[in-house]
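Chemist: Residue numbers (the working numbering): 44 to 316. Built from N, CA and C at the ideal position, the CB exists for glycine as well.
1) Under a three-way DSSP split, which group does residue 93 fall into?
2) If distances are taken between C-alpha atoms only, which option among 161, 182 and 222 comes closest to residue 168?
3) Between 236, 108 and 222, which lies nearest to residue 228 when the distance is taken from Cα to Cα?
4) Within the same chain, show all residues whose beta-carbon is closer than 7 angstroms to that of residue 69, passing over the 5 residues directly before and after it, in chain order.
5) Give me the residue from 247, 141, 172 and 130 with the minimum Cα distance to residue 159.
6) When you compare the CB positions of residue 87 and residue 74, do they come within less than 9 angstroms of one another, or not?
7) Which first and last residues belong to the beta strand (DSSP E) in which residue 158 is found?
8) With three or more beta-carbon pairs closer than 8 angstroms as the criterion, would you say the segment 284-291 touches the segment 44-64?
9) Under the rule that 16 or more other beta-carbon atoms within 10 Å means buried, what is residue 82, buried or exposed?
10) Is residue 290 helix, strand or coil by DSSP?
11) For residue 141, count the other beta carbons within 10 Å of its own beta carbon; 16 or more makes it buried, fewer makes it exposed. Which is it?
12) Only counting the same chain, and skipping five residues up and downstream in sequence, which positions put a Cβ closer than 7 angstroms to that of residue 298?
13) Specify, as a first and last residue, the run of the beta strand (DSSP E) that residue 133 falls within.
14) Can you look up residue 219 in the DSSP assignment and give me helix, strand or coil?
15) Relative to the C-alpha of residue 157, which candidate in 98, 137 and 192 has its C-alpha closest?
16) Please list the terminal residues of the continuous alpha helix (DSSP H) segment that includes residue 240.
17) Closest to residue 97 by CA distance: which of 233, 274 and 80 is it?
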């Protein structure tokens with residue numbers, strides 16, 4: 044599916060007054076079910092595999108595997124079962140062992156419709172983050188990856204963490220911007236430290252406003268932190284202006300799976316013999 048077709052669909056959804064929903068998928072079944080539910084975008088990246096293995100999503104930022112190679116492997120599981128929904132690859136734009144233009148060409152040839160910047164150094168802060176920036180492994184490489192992807196007519200849906208990044212990614216050609224307000228809460232491996240929903244509203248609105256000041260047609264979705272359940276996303280969408288929808292990863296596959304399996308097994312255990 045080409046970029047023009049994807050963007051026409053997304054903008055038509057917004058014009059109809061419906062939210063754009065993106066879903067992270069760590070397994071083929073997650074992707075298949077998300078498509079059955081009517082999702083607009085499916086994104087696969089290494090944290091999807093880790094979270095569905097029972098590990099926190101931040102495992103995707105630690106040295107447990109080759110993030111970009113894991114996405115290539117996941118593609119063999121996900122792409123064949125998705126029928127009519129664009130699938131985006133999570134790309135580690137700071138990977139020093141990939142010639143990024145060639146890697147993006149490879150992803151496009153495999154059938155990916157676009158990319159997102161994950162793993163992202165945007166989730167690091169403090170002195171460690173400063174040192175990454177100082178030693179050539181900073182967020183600017185993720186911006187450059189998005190620029191290269193845009194040149195290749197790939198849909199780009201990057202995570203951003205502040206207004207400056209929102210502006211930079213929009214200038215680089217981002218089609219869909221995803222303000223990220225932290226590791227998703229709730230469930231057995233969700234974050235315990237988070238913004239409040241109202242703080243998330245303020246942060247998302249600020250990033251959205253910074254982006255549309257650069258290019259008014261960029262679509263903006265909210266993601267992360269306390270925005271874990273449909274009612275949380277509704278809270279944010281009702282209190283922001285110009286935010287077009289929600290992107291969920293843990294929210295879409297981990298939390299529902301935890302509940303469904305737990306409740307199903309409990310129901311079996313309550314059978315009478």
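Modeler: To lay it out plainly:
1) In this structure, residue 93 counts as helix in the three-state DSSP scheme.
2) Comparing Cα-Cα distances from residue 168 to each of 161, 182 and 222, the minimum goes to 182.
3) If we check each option's Cα against that of residue 228, 236 comes out closest.
4) The beta carbon of residue 69 lies closer than 7 angstroms to those of 91, 92, 94, 95 and 296 in the same chain, with the five residues before and after it left out.
5) Closest by alpha carbon: 130.
6) Result yes, Cβ atoms of residue 87 and residue 74 sit closer than 9 angstroms.
7) DSSP places residue 158 inside the beta strand (DSSP E), whose first and last residues are 157-160.
8) In short, these stretches touch, since the Cβ pair count reaches three.
9) Burial call: buried.
10) Secondary structure at residue 290: strand, using DSSP grouped into helix, strand and coil.
11) Buried, by the Cβ-count rule.
12) Taken in chain order, the residues that qualify are 229, 230 and 271.
13) That run of the beta strand (DSSP E) goes 130-134.
14) The answer is strand: DSSP assigns residue 219 an E or B state.
15) Closest by alpha carbon: 192.
16) For residue 240, the uninterrupted alpha helix (DSSP H) run begins and ends at 240-257, by DSSP.
17) The shortest Cα separation from residue 97 among 233, 274 and 80 belongs to 233.
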